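Notes follow the structure.
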Amino acid sequence: MNKKISFIRSKDLADVDYAYASRVTADMDLLFLAGSCPLNQDGEVPDVNDYECQAKLCVENMKEVLQESGASLSDVVYTRVLVASHHQSDLVTAWNAIRKEFGDHDVPSTLSGVTVLGYTNQLVEIEAIAAVEKRTHIK
18 MNKKISFIRS
28 KDLADVDYAY
38 ASRVTADMDL
48 LFLAGSCPLN
58 QDGEVPDVND
68 YECQAKLCVE
78 NMKEVLQESG
88 ASLSDVVYTR
98 VLVASHHQSD
108 LVTAWNAIRK
118 EFGDHDVPST
128 LSGVTVLGYT
138 NQLVEIEAIA
148 AVEKRTHIK
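For the sequence shown, the positions run 18 to 156 when our numbering is used.
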């Protein structure tokens, strides 16, 4: 866990498996990640109709972008999870797979069901914001 990121939980709200908010110190840079999609290296969506596998691939792709940006999942301060389904059970399946990948880093998140996502056969997408040490010089 990044010591400059703190998660806010509420004793007056429901006990949930994510923080209600996050606080980032002013001396950090914010990374705004594009929606992480379940694309393989060929640009195709594998695991048609499998919410869990697509959710895991989204996290794997997010981890790659974070690493290339000098960050990791522990630097994520917010996520929005989009699931193409009108069945709550599909949202829960995707959510559980993603939460497992994040471990005890219970980042504040929004989970939404949507009608369709951008790629053929795409079921899951994850948007994220991460906070990292401020760079004194940019390449």
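Backbone N, C-alpha and C fix where the C-beta goes; we use that ideal spot for every residue, glycine too. Note that the structure is a prediction, hence the values are computed from the model and not measured.
If you draw a straight line from the C-alpha of residue i to the C-alpha of residue j, how long is it?
{"i": "Asn66", "j": "Asp44", "result": "43 Å"}
{"i": "Val100", "j": "Lys21", "result": "31 Å"}
{"i": "Asn78", "j": "Gln105", "result": "24 Å"}
{"i": "Leu134", "j": "Ala72", "result": "13 Å"}
{"i": "Ser129", "j": "Ala147", "result": "20 Å"}
{"i": "Tyr95", "j": "Ile115", "result": "13 Å"}
{"i": "Asp123", "j": "Ile143", "result": "15 Å"}
{"i": "Phe24", "j": "Cys54", "result": "26 Å"}
{"i": "Glu81", "j": "Ser126", "result": "20 Å"}
{"i": "Phe119", "j": "Ser86", "result": "18 Å"}
Please decide whether residue i counts as near chain C, where near means a Cβ-Cβ distance under 8 Å.
{"i": "Leu128", "result": "Chain labels in this structure do not include chain C; a single protein chain is all it has."}
In the DSSP assignment, what residue or residues form a beta bridge with residue i?
{"i": "Ser53", "result": "Ile143"}
{"i": "Asp46", "result": "Val149"}
Can you list, in chain order, the residues of its chain whose CB lies under 7 Å from that of residue i, leaving out five sequence neighbours each side?
{"i": "Asn138", "result": "Val62 and Val65"}
{"i": "Asp34", "result": "Arg116 and Asp123"}
Look up residue i in the DSSP assignment and say whether it is helix, strand or coil.
{"i": "Ala72", "result": "helix"}
{"i": "Ser23", "result": "strand"}
{"i": "Ala36", "result": "coil"}
Can you find the residues in the same chain that come closer than 8 Å, C-beta to C-beta, to residue i, ignoring five residues on each side of it along the sequence?
{"i": "Leu30", "result": "Tyr37"}
field: Complete runs of the alpha helix (DSSP H) confined to the region 74 to 151 [at least 4 residues]
entry: Fully enclosed alpha helix (DSSP H) runs of 4 or longer: 105 to 119.
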